[in-house]
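Okay, structure first, notes after.
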Amino acid sequence: MKEKLTIILGFGIALLVVFTLFIYLIAKDTFEIFDIASPIIVIILVATSTYIIWDRLKNIKAGLPAQDERLKNAGYKAGYYGFIAAIWSAVGSNMGSMILFDQELRGGLVTAAVVLISGIVFMISYLFLAGKGN
Amino acid sequence: MKTRIKELRARYDLTQEDLARKIGVRRETIVFLEKGKYNPSLKLAYDVAKALNTSIEEIFIFDD
């Protein structure tokens, strides 16, 4: 029951994120590089999380657990990599902007970069680790 | 690490999915265990041994 609730909640959040992104893009007048890159990253994040939820649902339907110790360990490791990516992206995003565009990023953009980069590192690491043994 | 899971599973006529259901893990975990690509926790190793009516050292063979 708890697992089913988590899955329903996950799908709900994914739909809300896509809906929010849609509203954000409609309301935008001009598009900068970040305005184009961030929706792409968000779409990748939503797509991968939907895949993970679908995979768990498939296992529950087959009478198997949604998660076991191997996947929990993969989640912990991916969380660690995501955390490291968050720290480095906080420093690196501003530095990268200085080198590439010769201007500092606004505080909100740094926060967005940290969330998006750490999110994508977490997802990629999780999918990679889930697909291999140790 | 080598395992005898596949051999013992065949003895009891169990599919990977049957064994996974019995132990309470996902089928992919059984696949990785059989290939020796995943080092299980002591609890999981015990559960596998129990499901196949044998001992841990009969199933998991460690190479030095």
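If you read the sequences in order, they're chains A and B.
If you read the first sequence in this note's numbering, its first letter stands for residue 2, the second for the next number, and so on.
If you read the second sequence in this note's numbering, its first letter stands for residue 128, the second for the next number, and so on.
Positions of the beta carbon are idealized from the N, C-alpha and C atoms, including for glycine.
{"Asked": "Proximal chain B residues relative to A/E33, where beta-carbon distance stays under 8 Å", "Found": "Result: empty, since nearest Cβ-Cβ is about 42 Å, beyond 8 Å."}
{"Asked": "Straight-line gap, A/K3 to B/K162 (C-alpha atoms, nearest Å)", "Found": "32 Å"}
{"Asked": "Closer than 9 Å to chain B by CB, A/A79", "Found": "no"}
{"Asked": "Nearest-angstrom Cα separation, counted from A/I37 out to A/G93", "Found": "19 Å"}
{"Asked": "Start-end ranges of the beta strand (DSSP E) lying completely within the region 28-103 of chain A, minimum 3 residues", "Found": "none"}
{"Asked": "Within-9 Å CB hit, B/L171 to chain A", "Found": "yes"}
{"Asked": "From B/A178, B/R154, B/F189, B/E185, residue whose alpha carbon lies closest to that of B/Q143", "Found": "B/R154"}
{"Asked": "Test: B/V152 CB closer than 9 Å to a CB of chain D", "Found": "As a matter of chain content, chain D is missing from the structure shown, whose protein chains are A and B."}
{"Asked": "Exposure label - B/Y165; buried when at least 16 CB within 10 Å", "Found": "buried"}
{"Asked": "Cα-Cα separation between B/I157 and A/F129, rounded to whole angstroms", "Found": "18 Å"}
{"Asked": "Nearest neighbour of A/A114, chosen from A/G83, A/G134, A/A131, A/G132 [CA to CA]", "Found": "A/G83"}
{"Asked": "Minimum Cβ-Cβ distance from A/R107 to chain B less than 9 Å", "Found": "no"}
{"Asked": "Simplified DSSP assignment, three categories, for B/T156", "Found": "helix"}
{"Asked": "C-alpha distance - A/L46 paired with B/Y139, whole-angstrom precision", "Found": "42 Å"}
{"Asked": "Cβ shell of A/I121 (< 7 Å), same chain only, five flanking positions each side left out", "Found": "I42, I45, L46"}
{"Asked": "Coil, strand or helix - B/T181 by DSSP", "Found": "coil"}
{"Asked": "Short CB-CB distance (under 9 Å) between A/Q68 and chain B", "Found": "yes"}
{"Asked": "Exposed unless 16 or more other CB atoms sit within 10 angstroms - verdict on A/Y25", "Found": "exposed"}
{"Asked": "Inter-residue Cα distance where the pair is A/L65 and A/T112", "Found": "38 Å"}
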